[in-house]
Amino acid sequence: MMMSLRSLVSVIAIAFTLGIGMYNGVHDMSHVVETLSSIEKELNPLQPMTGSEQSKIVSMPYKNWRKDIIREPIPRPSAKALFDGSNVTGDVSWLLNLAIIGFGKCGTSSMVGHFSQHKQISMMHREHCEFTWRDDDTILLKALESELPHGNYMRGLKCPSLPSIFRTFDSSLEFGIQSFVRQRQFGYSLFPAHKLIGKCQDLGPNKKVHGVCTEEARFQEALIGLGKTSMSTTDEMQYFLSSEKKPENLTVISQMKVFVYDIAQVEDKDEERSQLFMDDMQTFLQMTEPFKPMGQKSGGKTKQSRIDICEQKYDHLREALLDIGVNASRWIRRFFVPAEGVTVSSPKFFEQSLAKWEIDPCEERRANNTFPPK
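Residues -19 to -1, 1 to 355 (mature numbering (1 follows the signal peptide of the UniProt record, and there is no 0)) make up the sequence shown, in order.
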């Protein structure tokens, strides 16, 4: 029997950390969290969610999450019972439960490390993106079967690539999001940052651009592939380019269950709220053992240079990212988060975090005469 990866996964959790906003790239993250905590009653002056939208989010947690995570069978079937060459001949639904997927340099490595510390989770140690560029699904399946230990674990991998989930996963997701400028401070060593405004293919060869450009920060245009919103009203479409439309033939994607968080929640110093975040993640992933507290630092190791995006030469770049951040923030809060099957932890704090994407942080920094660490 032939079986694609679409039928493989029982529960998928995706840490999808994107570079799309404005605030976090200039301020130290702990300062961001403290600032957000201090404005608990402050709403986004540019158009916050309505009361009914906020109430809908509060009522959403765990309404529709799956109750079945398929674990390793007893006795465990042999590889010969599962595969015959490039054909899948057995039930492989237990081979993968958890995937960490997102753009590069946005915390996916940190999430792999955190999940790896949980004694009920077994993560593959390197990236496995075979299903992104190969037609033979058994390449990945065989790696999962041979590289992960035997036992009753939640089995996971990392591949920071969103498009691959469109044909691969049909269950539950975990998304992490963050302000874009924090990501955009890295990766400019081969191409001047102030020249990366526009579409990547128009800016130069990929070996220099490396997929880093302002158009790649249109996070909402990637998320529509999940099929969570109708994309049928003028109100919603105002946040997209006129050429953008909802992908066709993705009806199965709309059934996914999504846990979405902002990176400010990962680095939150409020102990009660941070513990709630861990508890909600544990519940969503159906783990019986709690997670350890998240560390205060995120992101993988990097040797790339860092820029100060508040320098005058980056004004046009920052303006372009801010425009994108406004649309992304509003669409996520007004349409994506209230959608059926989408869950957030601490919805009020989440709302405040995304509202900050619409504010130019450099104005505040100049007013306070504060500077990022060298």
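Ideal Cβ positions, reconstructed from N, Cα and C, are used throughout, including at glycine.
_Please report the distance separating the alpha-carbon of Val247 from that of Asp65._
Roughly 43 Å between the two C-alpha positions.
*asked:* Which same chain residues end up closer than 7 Å to Ser326 when comparing Cβ atoms and leaving out the 5 residues on each side of it in sequence?
replied: Tyr242, Gln246, Leu257, Phe258 and Asp261
*Just checking my contact of His297 with Ile178 at CB under 8 Å: how many whole Å lie between their CB atoms?*
6 Å
*Between which two residues does the beta strand (DSSP E) containing Met275 stretch?*
It is not in any beta strand (DSSP E) - Met275 carries neither H nor E in the DSSP assignment.
*What residue does the alpha helix (DSSP H) around Ile178 start on, and which one ends it?*
Looking at the DSSP string, Ile178 is not in any alpha helix (DSSP H), and its letter there is neither H nor E.
*Pro243 by DSSP, collapsed to three states: which one?*
It should be pointed out that residue 243 corresponds to Asp in this sequence rather than to Pro. Residue state, collapsed to three classes: strand.
*Exposed or buried, Lys273, counting other C-beta atoms within 10 Å across all chains shown (16 or more means buried)?*
exposed
*Using the rule of at least 16 other Cβ atoms within 10 Å of the residue's Cβ for burial, across every protein chain shown, is Gly(-1) buried or exposed?*
Because the pLDDT of Gly(-1) is 31, which lies under 50, any placement of that residue in the model is unreliable, and the number read from its coordinates should be weighed accordingly. Flag for Gly(-1) reads buried.
_Pop quiz: Tyr220 and Trp338 are said to be a contact at Cβ under 8 Å. What is the actual Cβ separation, rounded to whole angstroms?_
About 12 Å; that fails the 8 Å criterion.
_CB contact flag (Ile81, Gly137, <8 Å)_ = Going by C-beta atoms, Ile81 is nearer than 8 Å to Gly137.
*Straight-line CA distance for Pro342 to Lys250?*
Cα-Cα distance, rounded: 21 Å.
*Taking the CB atoms as reference points, tell me whether Asn68 and Gln201 lie closer together than 8 Å.*
no
*Does Ser127 have its Cβ less than 8 Å from a Cβ in chain D?*
In the structure shown, chain D does not exist; there is a single protein chain.
*Ordered along the chain, which non-local residues of its own chain (more than five positions away) have a Cβ less than 6 Å from that of Glu108?*
Once the five neighbours on either side are set aside, the close Cβ partners of Glu108 are Lys139 and Cys140.
*asked:* Please return the same chain residues whose Cβ sits closer than 7 Å to the Cβ of Leu204, not counting the five positions on each side in sequence.
replied: Phe317
*Where do the N-terminal and C-terminal ends of the beta strand (DSSP E) with Ser103 fall, by residue?*
Ile102 to Glu108
*Buried or exposed: which applies to Thr215, given that a residue is buried once 16 or more other Cβ atoms fall within 10 Å of its Cβ?*
exposed
*Contact check, Glu126 vs Met105 under 8 Å by CB: the rounded distance?*
Glu126 to Met105, Cβ: 11 Å. No contact.
*What is the DSSP secondary structure of Asp72, counted as helix, strand or coil?*
Looking at Asp72 - three-state DSSP - the assignment turns out to be coil, as it is neither helix nor strand.
*The alpha helix (DSSP H) with Ile81 in it runs from where to where?*
Premise fails: Ile81 lies in the beta strand (DSSP E), Leu79 to Ile81, not in any alpha helix (DSSP H).
*For Pro29, which of helix, strand or coil comes out of DSSP?*
Residue placement at Pro29 cannot be trusted, given a pLDDT of 40 that sits under 50; what the coordinates show is reported in the next sentence. Per DSSP, reduced to three states, the secondary structure at Pro29 is coil, with no helix or strand assignment.
_For Val323, the residue or residues it bridges with in DSSP_ = Val239
*Mind checking who Met92 pairs with in its DSSP beta bridge?*
According to DSSP, Met92 bridges with nothing at all.
*Pick from Leu122, Val93, Asn350 and Lys100 that is closest to Lys74, judged by C-alpha positions*: The amino acid at residue 74 is misidentified as Lys; the sequence shows Ser. Ranking Leu122, Val93, Asn350 and Lys100 by Cα distance to Ser74 puts Leu122 first.
*For the putative contact between Gly132 and Glu253, defined by C-beta atoms under 8 Å, what is the C-beta separation to the nearest angstrom?*
34 Å between Cβ atoms; not a contact.
*For the alpha helix (DSSP H) that contains Arg254, what are its first and last residues?*
Its alpha helix (DSSP H) spans residues Glu252 to Phe265.
*Contact under 8 Å by Cβ, Lys100 with Glu270*: yes
_Through-space distance from Ser334 to Thr89, alpha-carbon basis_ = 20 Å
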